[in-house]
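See below for the structure under consideration.
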Amino acid sequence: MAANGSNVVSRGAVRFTEEQEALVLKSWAIMKNDSAHIGHRFFLKIFEVAPSARQLFSFLRNSDVPLEKNPKLKIHAMAVFVMTCEAAAQLRKTGRVTVRDTTIKRLGATHFKNGVSDAHFEVAKFALLETIKEAVPASMWSPAMKGAWGEAYDHLVAAIKQGMKPAAANGAVRFTEEQEALVLKSWAIMKDDSANIGHRFFLKIFEVAPSARQLFSFLRNSDVPLEKNPKLKKHAMAVFVMTCEAAAQLRKTGRVTVRDTTIKRLGATHFKNGVSDAHFEVARFALLETIKDGIPASMWSPEMKNAWGEAYEHLVAAIKEGMKPVALL
Numbered sequence: 001m002a003a004n005g006s007n008v009v010s011r012g013a014v015r016f017t018e019e020q021e022a023l024v025l026k027s028w029a030i031m032k033n034d035s036a037h038i039g040h041r042f043f044l045k046i047f048e049v050a051p052s053a054r055q056l057f058s059f060l061r062n063s064d065v066p067l068e069k070n071p072k073l074k075i076h077a078m079a080v081f082v083m084t085c086e087a088a089a090q091l092r093k094t095g096r097v098t099v100r101d102t103t104i105k106r107l108g109a110t111h112f113k114n115g116v117s118d119a120h121f122e123v124a125k126f127a128l129l130e131t132i133k134e135a136v137p138a139s140m141w142s143p144a145m146k147g148a149w150g151e152a153y154d155h156l157v158a159a160i161k162q163g164m165k166p167a168a169a170n171g172a173v174r175f176t177e178e179q180e181a182l183v184l185k186s187w188a189i190m191k192d193d194s195a196n197i198g199h200r201f202f203l204k205i206f207e208v209a210p211s212a213r214q215l216f217s218f219l220r221n222s223d224v225p226l227e228k229n230p231k232l233k234k235h236a237m238a239v240f241v242m243t244c245e246a247a248a249q250l251r252k253t254g255r256v257t258v259r260d261t262t263i264k265r266l267g268a269t270h271f272k273n274g275v276s277d278a279h280f281e282v283a284r285f286a287l288l289e290t291i292k293d294g295i296p297a298s299m300w301s302p303e304m305k306n307a308w309g310e311a312y313e314h315l316v317a318a319i320k321e322g323m324k325p326v327a328l329l
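Below is the structure:
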């Protein structure tokens, strides 16, 4: 996201209640004076969930300055955060997104040019809500406040998307004896509970990126809650076990040990469903968070996180090789 402006508008009447407005105004009043720091944390959370999102920003692509200290990121993050919050605060009063038309058009053009996808917007929404939750008193945060900020953010995104169309792409890696040991040790603990852990893995994916449900035909028109959906449970366990077994075998075999026919099918399916780099990043974040929660706290470490992340990247790289249109016979 880029920033700027206030005044004038995007199209379409907006529905935003008095209660939602009160929740937004109340929390924004608390955050406003610290918007520089909170905005920076917002963007750091985005990059935590989706590291590849750095490539969307020209001032970060070839920069060696740590994200925590990058002055350009701090300025940009504050501008985007303030724009987002001010637009939310004005939403009910004006009935529309109060960001200049020229700014909205520029945002749309920039996002389209850089290949921003729905998954990127979902990641930013998750990061925004998590950041606001951490910035206000715990007693103030509620499902209603989360819903209000989520609603306001969706209106801003809808305005930006009017100037946009789709996009996506990237991958590659290496594996050591130490990484293998960390993977094997943690997989041994999780294996017997892979059905439940795999299910939690997918629930985390949908928590971060709700629109990812549309990638699965058996979820698109289903009214069955995700927590109880038997098809999701079966699919989630299969994917989780495949991912973990491939990681466990990686160093010994020197390659991703998933059948070539399965890899090709996965590649073709992912291509057909429009899976992008951002979706893979969301799944990576969800996988690591799920594994962290699935083993004893004393076992989890930065090295273990990197080992699983590295193994996941190998699997993704193999899948991406098959992400091409199915050949016509």
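Mapping of the sequence shown onto full-length UniProt numbering: residues 1 to 329, in sequence order. Every residue gets a Cβ at the ideal spot worked out from N, C-alpha and C, and that includes glycine.
Problem - Residue span of the alpha helix (DSSP H) that contains ALA159, given as start and end - result: To locate residue 159, count along the sequence shown from 1; it is residue 159. Counting along the chain, the alpha helix (DSSP H) containing ALA159 begins and ends at 143 to 161.
Practice task
Taking GLU19 as the reference, give the member of ALA148, ALA29 and VAL80 with the closest Cα.
Solution key: Looking up residue 19 in the sequence shown gives position 19. When only C-alpha atoms are compared, the closest one is ALA148.
Handout entry: Contact set for PHE126: own chain, Cβ-Cβ below 6 angstroms, skip 5 residues either direction
Key = As a working mapping, residue 126 is identified with position 126 in the sequence shown. Within the same chain, PHE126 has close Cβ partners VAL208.
Exercise for the section: Hey, could you find the ends of the alpha helix (DSSP H) LYS234 is sitting in? Expected result: Translated into the one-based positions of the sequence shown, residue 234 becomes position 234. For LYS234, the enclosing alpha helix (DSSP H) begins and ends at 230 to 253.
Handout entry: Proximal residues to HIS270 (C-beta, below 7 angstroms), its chain only, five neighbours per side dropped
Key = Here residue 270 refers to the residue found at position 270 of the sequence shown. If we look at HIS270 and ignore the five residues flanking it on each side, its Cβ neighbours are ILE319 and MET323.
Problem - Buried or exposed (CB count within 10 angstroms, at least 16 for buried), SER142 - result: Numbered from its first residue, the sequence shown carries residue 142 at position 142. Exposed.
Exercise for the section: Kindly list the residues whose CB is nearer than 7 angstroms to the CB of ALA135, restricted to its own chain and excluding five residues on each side of it in sequence; keep chain order. Expected result: Numbered from 1 along the sequence shown, position 135 holds the residue referred to as residue 135. If we look at ALA135 and ignore the five residues flanking it on each side, its Cβ neighbours are MET31 and ILE38.
Practice task
Just tell me which of MET145, LEU56 and ILE132 has its CA closest to the CA of LEU107.
Solution key: Counting from 1 along the sequence shown, the entry for residue 107 is found at position 107. Of MET145, LEU56 and ILE132, the residue nearest in Cα terms is LEU56.
Handout entry: N- and C-terminal bounds of the alpha helix (DSSP H) containing GLN20
Key = As a working mapping, residue 20 is identified with position 20 in the sequence shown. 18 to 31 is the extent of the alpha helix (DSSP H) around GLN20.
Handout entry: THR243 versus ARG213, LEU226 and GLY198, residue with shortest Cα-Cα distance
Key = Here residue 243 refers to the residue found at position 243 when the sequence shown is read from its first residue. When only C-alpha atoms are compared, the closest one is GLY198.
Practice task
Let me know the secondary structure DSSP gives GLY39 once reduced to three states.
Solution key: Counted from its first residue, the sequence shown places residue 39 at position 39. Looking at GLY39 - three-state DSSP - the assignment turns out to be helix.
Practice task
Just the C-alpha distance for GLU113 and SER298, rounded to the nearest angstrom, thanks.
Solution key: By one-based count along the sequence shown, residue 113 stands at place 113. By one-based count along the sequence shown, residue 298 stands at place 298. In the sequence as displayed, the identity of residue 113 is Lys instead of Glu. Approximately 44 angstroms, taken between the alpha carbons.
Exercise for the section: Take ALA278 as the anchor and find which of PHE81, GLY115, LYS74 and ALA236 has the nearest alpha-carbon. Expected result: As a working mapping, residue 278 is identified with position 278 in the sequence shown. Ranking PHE81, GLY115, LYS74 and ALA236 by Cα distance to ALA278 puts GLY115 first.
Exercise for the section: Find the nearest neighbour of TRP308 within the set LYS228, MET145, LYS185 and VAL275, judged by alpha-carbon distance. Expected result: For the purposes of this step, residue 308 is taken as the residue at position 308 of the sequence shown. When each option's Cα is compared against that of TRP308, the closest is LYS185.
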